[in-house]
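Asker:
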Amino acid sequence: MPKSREPLKNEKRARTFYEHGMDGLTLALSIADAEEDKALRKVDKHRQTQEPVSRSGRQHRKSDKTSKLEKAKAMIAQQRARLKKEKAKSRKERSKRGEARASMARVTIPGPSGATPRKKVTFA
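Under full-length UniProt numbering, think of the first position of the sequence shown as 1, with each following residue one higher.
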């Protein structure tokens, strides 16, 4: 038995021609039809939709919860802003009171060189 040898890269391969061109054409058409049918089945699978379940009640409750949450957050933010303003106001008042006390203290406190003269001590 003679071995069939594979053609090398640089050698030419033998070409096969169809005598009847219609055979290849019909084969290609049948393959194309089969592939198209597969693709259409996939598309139909994805297009099949179920009737939507009415979730209006559930969504309404959810929106109620979110609205309550938003209200609570707004109330907390309002309280924080109010407390921040009060804190700043009290800080300003405290600093004003401190300045007034300091100016009054300077006026009312007598210095060390008051009415009594110091005694001098001499060593002989």
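Beta carbons are placed, not taken as given, at the ideal position from N, Cα and C, and that holds for glycine.
Please state the DSSP three-state secondary structure of methionine 1.
Answerer: Note that methionine 1 has pLDDT 49, beneath the 50 cutoff, so the model's placement of it is unreliable and no number is given.
Asker: What is the residue span of the alpha helix (DSSP H) that threonine 122 lies within?
Answerer: Here threonine 122 belongs to no alpha helix (DSSP H), and DSSP marks it neither H nor E.
Asker: Output the boundary residues of the alpha helix (DSSP H) element that contains lysine 9.
Answerer: Per DSSP, lysine 9 belongs to no alpha helix (DSSP H) and is neither H nor E.
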